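Novice: Got a structure here, written out as structure tokens. Questions coming.
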Amino acid sequence: MSILNGLDEASRASLGLEMHGFAANLFPICRSITGNGIRQTLGHIKAQISLNTFDVPSGKRVFDWTVPKEWNIRDAYIADPAGKRVVDFQKCNLHVLNYSVPVNEKMLLSKLKGHLFTIPEHPDWIPYRTSYYKEDWGFCLTHHQMTQLKDGEYGVRIDSTLQDGFLTYGECFLAGRTREEILISCHACHPSLANDNLSGVTVATFLAKHLAGRDLRYSYRFLFIPGTIGAITWLARNREAVERIRHGLVLTCIGDAGGFHYKKSRRGNAEIDRAAAHVLRHCGEEAKILEFSPYGYDERQYCSPGFNLPVGCLMRSVWGTFPEYHTSADNLEFIRPLKLADSLRVCAAILDVLENNRCYRNELPYGEPQLGRRGLYGGEAGGEEIMARLWVLNLSDGHHTLLDIAEQSGIVFSRICAAAELLCEKGLLSVASDDQLKSTV
Amino acid sequence: MSILNGLDEASRASLGLEMHGFAANLFPICRSITGNGIRQTLGHIKAQISLNTFDVPSGKRVFDWTVPKEWNIRDAYIADPAGKRVVDFQKCNLHVLNYSVPVNEKMLLSKLKGHLFTIPEHPDWIPYRTSYYKEDWGFCLTHHQMTQLKDGEYGVRIDSTLQDGFLTYGECFLAGRTREEILISCHACHPSLANDNLSGVTVATFLAKHLAGRDLRYSYRFLFIPGTIGAITWLARNREAVERIRHGLVLTCIGDAGGFHYKKSRRGNAEIDRAAAHVLRHCGEEAKILEFSPYGYDERQYCSPGFNLPVGCLMRSVWGTFPEYHTSADNLEFIRPLKLADSLRVCAAILDVLENNRCYRNELPYGEPQLGRRGLYGGEAGGEEIMARLWVLNLSDGHHTLLDIAEQSGIVFSRICAAAELLCEKGLLSVASDDQLKSTV
Amino acid sequence: MSILNGLDEASRASLGLEMHGFAANLFPICRSITGNGIRQTLGHIKAQISLNTFDVPSGKRVFDWTVPKEWNIRDAYIADPAGKRVVDFQKCNLHVLNYSVPVNEKMLLSKLKGHLFTIPEHPDWIPYRTSYYKEDWGFCLTHHQMTQLKDGEYGVRIDSTLQDGFLTYGECFLAGRTREEILISCHACHPSLANDNLSGVTVATFLAKHLAGRDLRYSYRFLFIPGTIGAITWLARNREAVERIRHGLVLTCIGDAGGFHYKKSRRGNAEIDRAAAHVLRHCGEEAKILEFSPYGYDERQYCSPGFNLPVGCLMRSVWGTFPEYHTSADNLEFIRPLKLADSLRVCAAILDVLENNRCYRNELPYGEPQLGRRGLYGGEAGGEEIMARLWVLNLSDGHHTLLDIAEQSGIVFSRICAAAELLCEKGLLSVASDDQLKSTV
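If you read the protein sequences in the order shown, they are chains A, B and C.
If you read the first sequence in our numbering, its first letter stands for residue 1, the second for the next number, and so on.
If you read the second sequence in our numbering, its first letter stands for residue 1, the second for the next number, and so on.
If you read the third sequence in our numbering, its first letter stands for residue 1, the second for the next number, and so on.
Here it is as structure tokens:
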């Protein structure tokens with residue numbers, strides 16, 4: 001069984017365009033950690049995959065946190081003394097400080113300036129700012145816009161509501177042969193920002209779509225959640241599911257032109273960490289492995305010491321390190337169709353390792369079996385194919401997984417896995433671990 | 001006790017010439033994995049050391065393999081249309097595909113060409129080819145010879161026999177103070193190829209000759225066997241001896257001018273692996289340590305998962321990496337007298353480590369003993385000699401072997417060992433482990 | 001609690017001068033491993049800190065050693081044929097071979113020369129030489145002095161005594177909250193040599209002075225002892241105190257302008273080794289970590305296998321590696337006030353790590369606690385301050401010490417420690433280990 005099956009090179013271009021189109025549809029929506037924006041986004045996802053949505057009421061305690069009031073916004077603008085909209089939420093939802101409380105006032109520019117945010121070093125870009133947990137209001141604008149504001153009295157209007165409601169998140173569950181779960185989590189709370197994190201939402205959605213209906217060893221749980229509070233809420237409400245998580249990935253900033261970065265789980269040598277490192281070593285793109293740190297996205301919550309889940313974070317460019325991060329320049333041009341498709345392929349390759357990684361036992365462990373008379377030693381097979389067979393036979397002592405063998409031999413996992421399957425067919429190898437059976441539903 | 005004793009620098013040149021002369025006597029013999037050639041070779045070895053030979057009949061099952069029919073050859077040639085021998089086994093036994101079935105035919109060049117092997121990039125060299133486990137026939141010739149063949153009808157004659165007989169191998173056993181064994185194995189099945197593996201046969205023979213009659217901690221078993229099938233046959237027939245193997249070395253390609261290569265055992269950190277790495281680090285020649293891989297020579301069989309013996313492989317140039325490999329250019333000029341002698345010295349140094357490596361206990365472990373009043377701290381002794389004493393005293397807590405101490409201190413084992421012996425004499429040190437006694441005969 | 005408190009940057013210059021002045025007072029004294037010189041030195045130290053002195057009689061067996069006779073000297077000189085003192089102990093106490101037996105003779109230059117020591121490569125420097133355990137006499141002089149000696153009869157006078165007496169050492173004990181001890185040891189037996197080891201004596205004295213009266217977790221024992229025989233004598237007489245040593249430092253050659261060197265304890269990964277490495281990594285000066293070796297100063301005795309104490313050695317330039325070592329050029333100019341002060345600060349920083357290093361437990365380990373509402377997440381706090389809190393929360397699972405966290409995060413221990421204290425105040429963290437209570441007096 002290969003999850004990569006169907007994600008072949010030929011379909012890369014069309015798949016990338018389809019993924020990019022999906023992200024483009026989500027792009028204009030004004031999302032936040034609560035409210036209609038994220039619900040509308042989940043609706044789009046639900047059109048692609050089987051998705052359950054959950055509404056958690058404002059005020060609900062989740063560990064040390066409280067589900068906040070629900071925020072919605074219809075309109076927002078700054079009007080100049082002549083009444084002309086000089087900063088307009090309708091043109092770009094980044095213009096409003098996310099979670100701004102309602103405002104409807106006239107004020108002098110000098111006072112207004114205390115609520116304005118720009119990026120002087122990138123005078124054409126609008127910054128993205130939030131104030132979730134402290135009631136405030138503000139506008140984000142380009143530095144050019146700001147410098148053109150003349151003294152005078154401005155009309156300031158934010159037509160938002162911040163009141164009791166719900167935190168909404170989506171979950172897609174795919175049952176596998178065992179109840180052991182792989183968690184794929186992405187934050188879906190940022191407004192018109194493409195790489196952070198429509199890229200993650202898109203890759204997760206297409207991954208779920210690709211896995212649906214396949215015969216899977218693991219069960220899969222895809223989470224589309226608001227950052228931080230969403231992960232904490234989900235963890236607080238799903239203690240039993242948490243127990244079943246064997247591996248996990250947070251997907252974020254995964255559509256841009258940069259090389260891959262995988263940030264290890266807190267454990268540092270979990271199977272997901274080794275699987276991701278192996279796949280990235282062989283992925284044909286630049287790739288770096290980062291040590292765990294308690295900062296970043298929702299791996300912070302999954303890897304808090306009470307849970308310490310084996311969850312890493314797969315990215316291309318790392319949040320905070322590229323200038324477009326959290327600005328209007330993180331737009332649909334910043335993410336690339338082919339990069340989205342290749343990110344999907346890399347995710348699938350990582351899952352392929354997890355799905356197929358197990359220990360085997362060489363049935364003829366004394367000396368080498370005579371491969372020649374079984375047609376397994378022919379020159380036609382090519383050197384690495386034979387080496388893969390010899391490595392699998394040599395290390396299949398019930399203690400080495402196929403991933404161990406791939407790492408030790410330097411041969412890509414898929415080839416090691418194919419060798420193991422062929423040797424099983426020929427009766428030279430058998431599965432040593434019955435882990436598949438132990439936790440079957 | 002030092003095995004190196006007698007292999008001193010002064011005798012290097014004459015020893016090398018003696019070893020090269022031994023190899024030169026064996027060179028012309030047409031060996032194969034069975035037949036008179038290997039028996040004749042074992043006869044030459046028997047003239048040097050105490051050797052038992054064993055005949056295992058064709059058809060005998062050995063693990064997954066079957067002892068093949070015995071092959072012998074008297075003559076082989078290709079005669080041109082005028083009847084002139086243009087390829088002649090009498091001139092070089094590499095000319096015939098090893099294990100060729102008998103042929104006596106006339107055929108057109110076009111048909112004959114399907115049975116000819118050359119090396120176009122080295123047009124003056126004859127390749128070495130075999131077909132042990134698939135009945136076939138063929139000739140190996142220089143590319144120049146091939147290009148000079150004109151169209152026409154050729155006489156093709158291989159006067160060989162392939163019939164039930166025996167697989168023959170030789171064993172030299174030297175009893176030590178314990179029944180624990182060190183295995184030295186070399187393949188003796190290649191025809192006129194010098195480095196691969198008359199070099200291994202020669203070094204093993206002279207090593208056995210040098211060890212004979214000495215007071216040894218370990219018992220030694222030297223195997224002169226056909227590659228692959230010989231090792232498998234020996235393993236299948238000697239399960240009890242296998243249990244007693246504590247360390248082992250496969251010797252191959254060990255006479256050329258290249259630096260040393262030691263390929264680690266499957267265990268990767270066996271005492272033999274550490275001893276070999278230590279000796280090579282201090283041997284004064286270039287030396288590389290290679291990780292285990294399940295390809296190569298008979299270490300493949302000794303390190304199969306059912307046995308997983310601590311057997312490494314000592315080489316100079318690595319098989320397959322030098323152009324002369326498996327060609328007529330691997331001749332008596334390709335191996336050098338001094339290199340053979342130095343390979344013998346390195347083997348002896350490795351065995352010296354194994355023979356002398358044990359844990360000691362400092363008898364005055366509280367503070368330093370006063371070396372000065374025992375004449376052990378004198379300036380005349382030279383810095384490293386005193387450092388060796390201090391290191392041995394400091395680390396001899398019953399848990400560090402002399403090899404551990406040599407590695408940690410960076411001081412060569414022989415000097416550490418000499419320090420330990422002197423400290424024992426002075427009553428400052430005693431043997432901590434009674435491993436010598438435990439398994440005494 | 002910070003030991004560094006009071007050793008602030010501002011007072012560096014005046015502290016350095018005070019330390020240098022202390023060393024300058026000790027400089028002229030003719031010390032040796034026994035005798036009035038070391039007693040006079042201990043007297044100076046006693047004026048600064050609470051010091052007990054111990055007298056161990058000559059002839060006393062201490063492990064493998066014997067306390068030697070006591071050596072004292074009043075005068076020594078070589079007088080030329082005209083009666084003029086050409087080498088004069090009164091000008092520099094290095095001129096006499098330390099531990100010289102009495103002499104009062106006339107002899108020809110040719111005979112005298114067998115007792116003279118110079119350094120031809122540094123013709124203006126007087127070497128420092130000793131003959132503690134072999135009765136002998138001699139003079140050390142500059143090479144220039146030597147070359148100016150003309151043939152003739154010289155008067156040779158050493159007015160010394162070598163007779164039964166005492167070996168004297170000093171001990172400063174500071175009781176902490178627990179009986180677990182930190183050992184600070186320095187040799188105080190060298191005559192007019194500044195870096196080796198008035199620097200160590202000075203840093204240790206000022207460290208003890210600084211710690212006195214503070215509320216300390218550990219008890220501290222400062223040893224001012226003659227090298228080798230002093231450490232062995234102390235170890236032989238204090239088996240119970242030895243049992244309580246948890247960490248230790250030998251201080252030597254710690255006042256010159258070179259960068260720091262820390263030589264690890266025999267254990268190699270003791271807490272003192274990690275604490276010292278951490279502090280040196282962040283100390284702002286060049287610093288190197290050296291592996292343990294059984295040569296050097298009194299760590300040799302503390303790290304002998306019977307004790308194997310976690311005692312490292314902190315130096316600036318390493319003994320034996322700088323040309324001034326054991327010569328008259330190791331004088332008061334060779335040690336620098338600011339370097340003495342910074343060495344003191346580094347020692348205090350290492351002790352701060354040991355004093356404060358323990359395991360904590362995150363009280364809200366499921367997801368992150370909401371730092372924002374506690375004022376712990378504000379932008380004003382600066383990035384690394386927040387990161388320190390996140391690291392402490394994430395790794396405080398009862399298994400990671402603060403030093404583990406400092407190492408893994410790359411953040412300096414003091415900041416990690418401050419974060420832990422703040423989080424404790426806020427109720428988010430508590431001490432996990434009760435190691436403080438276990439061994440309280």
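All C-beta atoms in this analysis are idealised placements derived from N, C-alpha and C, irrespective of residue type, glycine included.
Note that the coordinates shown come from a computational prediction; the quantities given were computed from them, not determined experimentally.
1. List the residues of chain B that Ser430 (chain A) touches, going by C-beta distances under 9 angstroms, in chain order.
2. Enumerate, from N- to C-terminal direction, the unbroken beta strand (DSSP E) stretches of 3 or more residues contained entirely within the stretch 37–90 of chain C.
3. Pull out every residue of the stretch 354–378 of chain A whose Cβ sits closer than 8 angstroms to any Cβ of chain B, in chain order.
4. Note down, in chain order, each residue of its chain lying with its Cβ closer than 6 angstroms to the Cβ of Leu183 (chain B), except the 5 sequence neighbours on either side.
5. Looking at the unbroken beta strand (DSSP E) that takes in Arg374 (chain B), where does it start and where does it end?
6. When we look at the beta-carbon of Pro120 (chain C) and count the other beta-carbons within 10 Å, is it buried (16 or more) or exposed?
7. Give me, in chain order, the residues of the same chain whose beta-carbon lies closer than 6 angstroms to that of Ile3 (chain A); leave out the 5 immediate sequence neighbours on both sides.
8. Quick one: grab the DSSP three-state call for Glu271 (chain A).
9. May I ask which residues mark the beginning and end of the alpha helix (DSSP H) holding Ser414 (chain A)?
10. So for Phe22 (chain A), helix, strand or coil by DSSP?
11. Kindly indicate which residue of B:Arg157, B:Ser160, B:Asn197, B:Val201 has the alpha-carbon position closest to the one of Gly170 (chain B).
12. Does DSSP put Trp125 (chain B) in a helix, in a strand, or in coil?
13. Which complete alpha helix (DSSP H) runs does the stretch 158–225 of chain A hold, if anything under 4 residues is left out?
14. Would you mind telling me which residues of chain A sit closer than 7 angstroms to Phe307 (chain B), beta carbon to beta carbon, in chain order?
15. With Val62 (chain C) and Ala236 (chain C) assumed to form a contact (beta carbons below 8 angstroms), what rounded beta-carbon distance in angstroms separates them?
16. Under the rule that 16 or more other beta-carbon atoms within 10 Å means buried, what is Pro226 (chain C), buried or exposed?
17. By DSSP, does Lys438 (chain B) sit in helix, in strand, or in coil?
18. Give every residue of the same chain whose Cβ lies closer than 7 angstroms to the Cβ of Ser142 (chain A), excluding the five residues on either side of it in the sequence, and list them in chain order.
19. For the alpha helix (DSSP H) that contains Asn104 (chain A), what are its first and last residues?
20. Shortest alpha-carbon distance to Gln90 (chain C) belongs to which of C:Ile254, C:Ala76, C:Cys424?
21. For a cutoff of 8 angstroms on Cβ pairs, would you count Trp65 (chain B) as touching chain C?
22. Is Ile45 (chain C) closer than 8 angstroms to Phe224 (chain C) when the C-beta atoms are compared?
23. Kindly list, in the order they appear in chain B, the residues whose Cβ is closer than 9 angstroms to that of Asp404 (chain A).
24. Taking Cβ positions only, does Leu116 (chain C) come closer than 8 angstroms to chain B?
25. Return the bridge partner residues of Ser265 (chain C) from the DSSP annotation.
26. For Leu112 (chain C), I'd like the list of residues in its chain whose CB is within less than 6 angstroms of its CB, leaving aside the five on either flank, ordered along the chain.
27. Please identify, using Cβ separations under 7 angstroms, the residues of the stretch 287–300 of chain A that lie next to chain B, in order along the chain.
28. Look up Thr34 (chain B) in the DSSP assignment and say whether it is helix, strand or coil.
29. Strictly by DSSP, which residues pair up with Asn5 (chain A)?
30. Given this structure, state the Cα-to-Cα distance separating Asp273 (chain A) from Asp164 (chain B), to the nearest angstrom.
31. Taking Gly35 (chain A) as the reference, which of A:Gln48, A:Leu251, A:Val67 has the closest Cα?
32. To the nearest angstrom, how far is the alpha carbon of Arg267 (chain B) from that of Ala47 (chain B)?
33. When the Cβ atoms of the stretch 257–264 of chain A are set against those of the stretch 272–291 of chain A, are three or more pairs found closer than 8 angstroms?
34. For Asp330 (chain B), which residues from the same chain have a beta carbon less than 7 angstroms from its beta carbon, with the 5 sequence-adjacent residues on both sides left out?
35. Quick check for students: name the residue ranges of the beta strand (DSSP E) that lie wholly in the stretch 333–363 of chain A, counting only runs of 3 or more.
36. Report back the beta-carbon spacing between Ser160 (chain A) and Pro102 (chain A) to the nearest angstrom; my notes put them in contact at under 8 angstroms.
Specialist: Walking through what the data contain:
1. Here residue 430 (chain A) refers to the residue found at position 430 when the first sequence is read from its first residue. Within chain B, no residue comes near Ser430 (chain A); the closest Cβ sits about 13 angstroms away, beyond 9 angstroms.
2. 52–57, 70–79, 85–88
3. Asn362, Leu364, Pro365, Tyr366, Gly367, Glu368, Pro369, Gln370, Gly372, Arg373
4. Residue mapping note: residue 183 (chain B) aligns to position 183 of the second sequence, counting from 1. Around Leu183 (chain B): Arg221, Ile245, Gly248.
5. Counted from its first residue, the second sequence places residue 374 (chain B) at position 374. It is not in any beta strand (DSSP E) - Arg374 (chain B) carries neither H nor E in the DSSP assignment.
6. As a first step, residue 120 (chain C) must be located in the third sequence, where it is residue number 120. When all chains shown are included, Pro120 (chain C) counts as exposed.
7. Start at 1 with the first residue of the first sequence, and residue 3 (chain A) comes out as number 3. Ala348, Leu351, Asp352.
8. Indexing the first sequence from 1 puts residue 271 (chain A) at position 271. Note: Glu271 (chain A) maps to helix in three-state DSSP.
9. For this step, residue 414 (chain A) is matched to residue 414 along the first sequence. Where Ser414 (chain A) is concerned, the enclosing alpha helix (DSSP H) stretches over 413–425.
10. Indexing the first sequence from 1 puts residue 22 (chain A) at position 22. Phe22 (chain A): helix per DSSP, three-state reduction.
11. Indexing the second sequence from 1 puts residue 170 (chain B) at position 170. When only C-alpha atoms are compared, the closest one is B:Val201.
12. For the purposes of this step, residue 125 (chain B) is identified with residue 125 of the second sequence, where counting begins at 1. Note: Trp125 (chain B) maps to coil in three-state DSSP.
13. 200–211
14. Start at 1 with the first residue of the second sequence, and residue 307 (chain B) comes out as number 307. By Cβ distance, chain A contributes Tyr366.
15. Indexing the third sequence from 1 puts residue 62 (chain C) at position 62. Indexing the third sequence from 1 puts residue 236 (chain C) at position 236. Confirmed, about 4 angstroms.
16. Residue numbering aside, residue 226 (chain C) sits at position 226 when the third sequence is read from its first letter. When all chains shown are included, Pro226 (chain C) counts as buried.
17. Taking the first residue of the second sequence as position 1, residue 438 (chain B) is located at position 438. Interpretation of Lys438 (chain B) is limited by its pLDDT of 47, a score under 50 that renders its predicted location unreliable; the figure taken from the coordinates is listed afterwards. If DSSP states are grouped into helix, strand and coil, Lys438 (chain B) belongs with the helices.
18. Taking the first residue of the first sequence as 1, we reach residue 142 (chain A) at position 142. It is worth fixing the name first, because residue 142 (chain A) is Thr in this sequence and not Ser. So the qualifying residues of the chain are Thr118, Pro123, Asp124, Trp125, Ile126.
19. On the first sequence, position 104 is the one that residue 104 (chain A) refers to. Counting along the chain, Asn104 (chain A) falls outside any alpha helix (DSSP H), though it belongs to the beta strand (DSSP E) covering 103–108.
20. Numbered from 1 along the third sequence, position 90 holds the residue referred to as residue 90 (chain C). If we check each option's Cα against that of Gln90 (chain C), C:Ala76 comes out closest.
21. Your numbering for residue 65 (chain B) matches position 65 in the second sequence. So, not an interface residue.
22. The residue labelled residue 224 (chain C) in the question sits at position 224 within the third sequence. The residue labelled residue 45 (chain C) in the question sits at position 45 within the third sequence. Yes.
23. The residue you call residue 404 (chain A) lines up with position 404 of the first sequence. Per Cβ cutoff of 9 angstroms: no residues; Asp404 (chain A) is ~13 angstroms from chain B at best.
24. Here residue 116 (chain C) corresponds to residue number 116 of the third sequence, with the count starting at 1. By this cut-off, Leu116 (chain C) is not an interface position.
25. As a working mapping, residue 265 (chain C) is identified with position 265 in the third sequence. None, per the DSSP bridge assignment.
26. Looking up residue 112 (chain C) in the third sequence gives position 112. For Leu112 (chain C), where only same-chain residues beyond five positions count, the Cβ hits under 6 angstroms are Tyr154.
27. none
28. In the second sequence, counting from the first residue as 1, residue 34 (chain B) sits at position 34. In the structure shown, Thr34 (chain B) sits in coil (DSSP, three-state: anything other than H, G, I, E or B).
29. Within the first sequence, the letter at position 5 stands for residue 5 (chain A). Per DSSP, none; premise fails for Asn5 (chain A).
30. Locating residue 273 (chain A) in the first sequence gives position 273, counting from the first residue. Locating residue 164 (chain B) in the second sequence gives position 164, counting from the first residue. Their Cα atoms are separated by approximately 56 angstroms.
31. In the first sequence, counting from the first residue as 1, residue 35 (chain A) sits at position 35. It is A:Val67 whose Cα lies nearest to the Cα of Gly35 (chain A).
32. Walking along the second sequence from the start, residue 267 (chain B) turns up at place 267. Walking along the second sequence from the start, residue 47 (chain B) turns up at place 47. In a straight line, the C-alpha of Arg267 (chain B) is about 36 angstroms away from that of Ala47 (chain B).
33. These segments touch.
34. On the second sequence, position 330 is the one that residue 330 (chain B) refers to. The answer, listed in chain order, is Leu193, Ala194, Asn195, Asp196, Glu324.
35. 359–362
36. Residue mapping note: residue 160 (chain A) aligns to position 160 of the first sequence, counting from 1. Residue mapping note: residue 102 (chain A) aligns to position 102 of the first sequence, counting from 1. Confirmed, Cβ separation roughly 5 angstroms.
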